[in-house]
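Read top to bottom, the protein sequences are chains D and R. Under the working numbering, the first sequence has 117 at position 114, and the numbering climbs by one with no breaks. Under the working numbering, the second sequence has 168 at position 165, and the numbering climbs by one with no breaks. Glycine included, every Cβ here is placed at the ideal spot set by N, Cα and C. All values reported here derive from a predicted model rather than from experimental measurement. Below is one structure, written out as structure tokens, with a few remarks after it.
Number of protein chains: 2
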Amino acid sequence: MRSARSVNPSSPSRPAVPDKREAILRAATKVFAESGYFNSKVADVARVAGVADGTVYLYFKSKEEILRCIFERGVSDAIAAARAETAALDDPREKLRRIARLHLERLGADRDLAVVFQVELRGSTKFMEEFSAAGLAEYLRLIRETLEEGQRAGLFRAELNAKVVAKILFGALDEMATNWILSPRSYKLAPLADQVLDIFLNGVSSSK
Amino acid sequence: MRSARSVNPSSPSRPAVPDKREAILRAATKVFAESGYFNSKVADVARVAGVADGTVYLYFKSKEEILRCIFERGVSDAIAAARAETAALDDPREKLRRIARLHLERLGADRDLAVVFQVELRGSTKFMEEFSAAGLAEYLRLIRETLEEGQRAGLFRAELNAKVVAKILFGALDEMATNWILSPRSYKLAPLADQVLDIFLNGVSSSK
DNA sequence: TTCGTCTGAATGAGCGGTCACTCATCAAAG
DNA sequence: CTTTGATGAGTGACCGCTCATTCAGACGAA
Chain D
4 MRSARSVNPS SPSRPAVPDK REAILRAATK VFAESGYFNS KVADVARVAG
54 VADGTVYLYF KSKEEILRCI FERGVSDAIA AARAETAALD DPREKLRRIA
104 RLHLERLGAD RDLAVVFQVE LRGSTKFMEE FSAAGLAEYL RLIRETLEEG
154 QRAGLFRAEL NAKVVAKILF GALDEMATNW ILSPRSYKLA PLADQVLDIF
204 LNGVSSSK
Chain R
4 MRSARSVNPS SPSRPAVPDK REAILRAATK VFAESGYFNS KVADVARVAG
54 VADGTVYLYF KSKEEILRCI FERGVSDAIA AARAETAALD DPREKLRRIA
104 RLHLERLGAD RDLAVVFQVE LRGSTKFMEE FSAAGLAEYL RLIRETLEEG
154 QRAGLFRAEL NAKVVAKILF GALDEMATNW ILSPRSYKLA PLADQVLDIF
204 LNGVSSSK
């Protein structure tokens, strides 16, 4: 019933309607965000997605694969966006500001996704290690390289360990996001990027 | 078997041997750190603690209560230590440095506990909210008040939002800890506190 | 256009395994 | 004998996943 089966008009000849996969991913993000991955039932995801339990397994091998898929897409999108948006900029300080803004804008725009990333991702060393090895490491590298660029340009103190400094910036942004999620108050996340960058750039700049 | 039942000689008249509670907490920290809270079985905790499954329930109402107990003890210990160690200091900058050092020293000294705090605690909005409302909030307040003290003393830029700045410091330290846990390399965590503080204090200081 | 056939996407009841928690029983101490 | 901490096999609920079955619609023949 519901019969929202109206054949996708953009591809009328295709029998498969593969945006069910999309619906499942969306639903899973919502359900995982609400109850936590381990407390969520595949049946709930299916219900929210508007499909039968079994259908989930036509698109995903397991419950775990759904979570992994949400991560992978989120991370690669974020990194691609950051690379694309900083490519045109020259000043490393502007690049960092842009990265920070994008970081908080993305999370601020989709609370469910933000919860899954800030909370569920951390909730399992298994996923963490996997993610840490792939996505996070690349993201930190992007920040680190930008920092080193600034060091070579004489903008940032040369004696600082860029790896550690990158983690400081990431950690600060990360904490903004986590606090935003947990806060009962409703406020804009993205503008905090400027406050963080203000202090951060001040901290790492060569004496003016 | 094993019969490590040798009556505690320090309190020979007490029939109860309440450090079984301690053993269970220790075991749970270890087991949770290894497999994650949701993947851990109560039976594993009991086995590691050297007691029977049922004994766990003589000391804790549920599996969840064990986790909660680990948190509560950890947080209150940490806050008490931070308060005690900073009370004797005058310079807000020194206070912050002490707090940061203690933060990373504590986590660096007990990897299992660190994993539970950095990973498991984050893995559930439920716990997070609870913890955030209680422990973390108080910890952030301690940092914020120290920052405001520094602002009044003219050491830190007065126009900064102390609440946000406190989160930045906490986030940076938190990220150091998380990275340390996930890193396959073995290094000392505590010294990073100085690098963080260096950049941080530079970032928030009034122009010298 | 209409009918018959075939395909494979979708379904959801049910299976099988897991695990938090209980409780009848025990044993040592007083 | 009573009390009390401890035991661990048992139980019942839960839930991820499977698979026999259904049926909408594509396609070809007439």
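Of the other Cβ atoms in all chains shown, 16 or more fall within 10 Å of the Cβ of L70 of chain D; this residue is therefore buried.
DSSP, reduced to helix, strand and coil, places S65 of chain R outside both helices and strands of the structure shown, so it counts as coil. Checking the DSSP bridge columns, you'll see S208 of chain D partnered with D:F159. Within the stretch 44-101 of chain R, complete alpha helix (DSSP H) segments of at least 4 residues are found at 45-52, 56-62 and 66-90, given in chain order. Following the DSSP letters along the chain, one finds S127 of chain R in no alpha helix (DSSP H), marked with neither H nor E. Considering only D:A175, D:E108 and D:S189, the residue with the shortest C-alpha distance to G206 of chain R is D:A175. With a contact defined as Cβ atoms closer than 8 Å, A165 of chain R and Q154 of chain R qualify at about 7 Å. Cβ-Cβ separation between Y62 of chain D and K23 of chain D: approximately 6 Å, consistent with a contact (criterion under 8 Å).
T149 of chain D and L99 of chain D do touch by the CB rule: their CB atoms are close to 6 Å apart, below 8 Å.
Comparing alpha-carbon positions, the option among R:F130, R:F203 and R:S186 lying closest to L163 of chain R turns out to be R:F203. Interface criterion not met: the Cβ of E97 of chain R is under 8 Å from no Cβ in chain D. For S65 of chain R, not one C-beta of chain D is nearer than 8 Å to its own C-beta.
The DSSP-derived three-state label of G174 of chain D is helix.
For A31 of chain D, same chain residues with a beta-carbon under 7 Å away, outside a window of 5 residues either side, are V48, I69 and I73 in chain order.
Taking a Cβ-Cβ threshold of 8 Å, the residues of chain D close to F173 of chain R are E178, in chain order. Flagged as an interface residue toward chain D: K170 of chain R, by a C-beta distance shorter than 8 Å. Of the other Cβ atoms in all chains shown, 16 or more fall within 10 Å of the Cβ of Y40 of chain D; this residue is therefore buried. Against F203 of chain D, the close residues of chain R are G206, in the order they occur along the chain (beta-carbon pairs closer than 7 Å).
When only Cα atoms are considered, T181 of chain D and L110 of chain D end up about 10 Å apart. In the DSSP annotation of this structure, the continuous segment of the alpha helix (DSSP H) that includes D22 of chain R starts and ends at D22 to S38. Rounded to whole angstroms, E75 of chain R and D115 of chain R show a C-alpha spacing of 16 Å. Nearest to R125 of chain D by alpha-carbon distance, out of R:A83, R:A36, R:R29 and R:A26, is R:A36. Contact with chain R is found for R125 of chain D, since one of that chain's Cβ atoms lies less than 8 Å from the residue's Cβ.
For the pair G77 of chain D and Q121 of chain D, the Cα-to-Cα distance works out to about 12 Å. Note on geometry: alpha-carbon atoms of T58 of chain D and R144 of chain R lie some 49 Å from one another.
Contacts with chain D at 8 Å (Cβ-Cβ) include K129 of chain R. Taking 8 Å as the CB threshold, E68 of chain R stays off the interface with chain D. With respect to V199 of chain R, A103 of chain R sits close: the two C-beta atoms are nearer than 8 Å.
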